[in-house]
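Chemist: Under our numbering, the first residue of the sequence shown carries the number 13, and numbering increases by one thereafter. The C-beta atom is built at its ideal place from N, Cα and C for all residues, glycine as well. It should be emphasised that the depicted structure is a prediction, and the values quoted were computed from it without experimental measurement. Can you read through this structure? Questions will come right after.
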Amino acid sequence: MPGRSERSRVAYLGLGGNIGNPRRQMAQAIALLDAHPEIAVEAVSALYATPPWGKLDQPDFLNAALRISTRLNANSLLEVCLETEKALLRERRERWGPRLIDIDILLIEGEVVEEQDLQIPHLRLQERLFALLPLRDVAGDVILRDKPLSGWISSLDGEGIRRDDNLDWWREEN
């Protein structure tokens with residue numbers, strides 16, 4: 013089957029959105045990803061409300077992370093993420109702008125990819141607390157670019173980030 017690798021491995025995805033009902037959009041994305049025959053959602057992070065990054069004149073974002081098991085290679089996983097965004101009516105209008113849903117591949121176990129349209133670990137992940145905090149929920153203190161997540165997290169400003177401790181947030185929206 014095209015797009016498959018030999019063995020299942022762990023990957024981490026970041027989800028976010030700030031228009032419409034981002035909590036519902038992310039819950040629907042989780043359900044769609046988990047329904048894919050080559051993906052199993054293993055863990056879902058808490059939900060984080062975070063100030064916008066990059067383009068500041070927009071509503072706060074909600075962010076979360078997933079730990080999945082998949083046999084898909086990186087490019088095929090990216091295709092599934094983009095198809096899921098499209099199914100949830102994501103439109104790409106402006107970089108760092110408002111969005112209904114965003115699904116990013118943050119890390120894939122044992123894999124580094126440096127292509128024009130895909131970089132794993134995700135480009136600038138170590139600078140983005142809105143991605144690192146949910147990632148820590150599902151990945152623990154995984155090593156990112158030769159440094160534990162906690163090291164990256166402790167060097168960043170968390171002002172304005174709020175954590176929702178309801179870990180079933182994504183089940184309540186379906």
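#1: Since V41 and L27 should fall inside the 8 Å C-beta cutoff, what is the C-beta to C-beta distance between them, to a whole number of angstroms?
#2: DSSP on Q138, reduced to helix/strand/coil?
#3: For E97 and S166, what's the separation of their Cα atoms in angstroms?
#4: Could you check where the alpha helix (DSSP H) with V92 kicks off and where it finishes?
#5: Go ahead and pull the three-state DSSP assignment for R148.
#6: Take the Cβ of S57 as the centre, count every other Cβ of all protein chains shown within 10 Å, and call the residue buried at 16 or more, exposed below.
#7: If you follow the alpha helix (DSSP H) that D158 is part of, which residue opens it and which one closes it?
#8: Could you give the residue range of the beta strand (DSSP E) that holds D176?
#9: What distance in whole Å lies between the Cβ atoms of M38 and A99, which are believed to be in contact at a cut-off of 8 Å?
#10: Taking the C-alpha atoms as reference points, what is the distance between L90 and Q70?
#11: Can you tell me which of L135, V125, E127 and L119 puts its alpha carbon nearest to the alpha carbon of I155?
#12: Helix, strand or coil for I113 per DSSP?
#13: Determine which residues share a DSSP beta bridge with S167 and list them.
#14: Out of R140, P133 and N30, which has the shortest C-alpha to C-alpha gap to L168?
#15: Going by CA-CA distance only, name the one from W65, L74, R83 and Y24 that's closest to P49.
Modeler: From the atom records:
#1: For this step, residue 41 is matched to residue 29 along the sequence shown. For this step, residue 27 is matched to residue 15 along the sequence shown. The residue asked about is misnamed: residue 41 is Ala in this sequence, not Val. Right, the Cβ-Cβ distance comes to about 6 Å (below 8 Å), so this counts as a contact.
#2: What you label residue 138 is simply residue 126 of the sequence shown in a count that begins at 1. In the structure shown, Q138 sits in a helix (DSSP, three-state: H, G or I).
#3: Taking the first residue of the sequence shown as 1, we reach residue 97 at position 85. Taking the first residue of the sequence shown as 1, we reach residue 166 at position 154. If you take the alpha carbons of E97 and S166, they lie about 31 Å apart.
#4: The residue labelled residue 92 in the question sits at position 80 within the sequence shown. Per DSSP, V92 belongs to the alpha helix (DSSP H) from A86 to A99.
#5: Mapped onto the sequence shown, residue 148 falls at position 136. Three-state result, R148: helix.
#6: Taking the sequence shown and counting its residues from 1, the one referred to as residue 57 is at position 45. Classification of S57: buried, given that the 10 Å Cβ count is 16 or more.
#7: To locate residue 158, count along the sequence shown from 1; it is residue 146. Counting along the chain, D158 falls outside any alpha helix (DSSP H), and DSSP gives it neither H nor E.
#8: Taking the first residue of the sequence shown as 1, we reach residue 176 at position 164. From DSSP, the beta strand (DSSP E) with D176 extends over R174 to D176.
#9: Numbered from its first residue, the sequence shown carries residue 99 at position 87. Numbered from its first residue, the sequence shown carries residue 38 at position 26. No, A99 and M38 are not in contact; Cβ-Cβ is about 13 Å, not under 8 Å.
#10: Residue 90 sits at position 78 when you count from the first residue of the sequence shown. Residue 70 sits at position 58 when you count from the first residue of the sequence shown. Approximately 26 Å, taken between the alpha carbons.
#11: Numbered from 1 along the sequence shown, position 143 holds the residue referred to as residue 155. It is L119 whose Cα lies nearest to the Cα of I155.
#12: The residue labelled residue 113 in the question sits at position 101 within the sequence shown. Coil at I113, not helix or strand.
#13: By one-based count along the sequence shown, residue 167 stands at place 155. None; S167 has no bridge partner.
#14: Walking along the sequence shown from the start, residue 168 turns up at place 156. Nearest of R140, P133 and N30 to L168, Cα basis: R140.
#15: Along the sequence shown, read from residue 1 onward, the residue named residue 49 stands at position 37. Minimum Cα distance to P49 is reached at R83.
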